[in-house]
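Quick notes on the structure that follows.
Here it is in structure tokens:
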């Protein structure tokens, strides 16, 4: 793969195109992979940075408009209305903090973007906040990818232990969240 990307210019363009498209719809995985490849010298760092930043910002603006469109069409089911109200409350009170926090929370960023226009954030304000939040997010995830690519050789034999630890951590987190959820549901029933 590396040889193919280094010696065939058309494949390099396809790689950048896939990074751009990936940033429109995905986030951390594509960003981490792109910076990992760039820091390894497989693709150009500055070209990667350009396509990552443009993909993130254009994608977030598209999600912003998609939220308004879906709201006008009534495509948000009734079961999601309470979550929408919660997101709207946070966006109205602390828009930048909510956008920044949602960037780092898997599964929360797209719903936050979908609700931004309905929460009363105009496009100009949204773009200013989103560019700042996106740049901070890109810097943090990019630094993690670069550091990981530099350290991967040192950690190859210990990686399987990290995978097992991650599996155990996620399992414990899911178990604790289910226990807490059932506890609070029971507590709410008795009130």
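Numbering (my numbering), first residue to last: 1 to 191. Glycine included, C-beta positions come from ideal geometry on N, C-alpha and C.
For residue 67 and residue 23, believed in contact at Cβ under 8 Å, the rounded distance
At roughly 18 Å, the Cβ-Cβ gap does not stay under 8 Å, so residue 23 and residue 67 are not in contact.
Would you decide whether residue 103 is buried or exposed? Buried here means 16 or more other CB atoms lie within 10 Å of its CB.
It is buried - the Cβ of residue 103 has at least 16 other Cβ atoms within 10 Å.
Near the ligand FMN: residue 83 beta-carbon under 7 Å from a heavy atom:
As for the ligand FMN, it is missing from this structure, which has no ligand bound.
With a threshold of 16 other CB atoms inside 10 Å of the CB of residue 229, please say whether the residue is buried or exposed.
Outside the modelled stretch of the chain, which goes from 1 to 191, sits residue 229, for which no answer is possible.
Beta-carbon contacts of residue 90 that lie in its chain and below 7 Å, excluding the five residues immediately before and after
Hits under 7 Å: 98.
Do residue 145 and residue 20 come within 8 Å of each other at the CB atom, strictly closer than that value?
No, these two residues do not count as a Cβ contact at 8 Å.
Considering residue 121, what are the terminal residues of the alpha helix (DSSP H) in which it resides?
Judged by DSSP secondary structure, residue 121 falls outside any alpha helix (DSSP H); it is assigned neither H nor E.
Should residue 139 be labelled buried (16 or more other beta-carbon atoms within 10 Å of its own) or exposed?
Using a 10 angstroms sphere on the CB of residue 139, the tally of other CB atoms stays under 16, which defines it as exposed.
Nearest to residue 130 by alpha carbon, out of 12, 57, 11 and 15?
Residue 57 is the option with its Cα nearest to residue 130.
Below 8 Å on the Cβ atoms is my guess for residue 114 versus residue 70; work out the distance and round it to an integer in Å.
So it is a contact: roughly 7 Å between Cβ atoms.
Inside the segment 52–97 only - alpha helix (DSSP H) runs reaching at least 4 residues:
Under the rule that a run must span 4 or more residues, the alpha helix (DSSP H) segments found entirely inside the segment 52–97 read 81–93.
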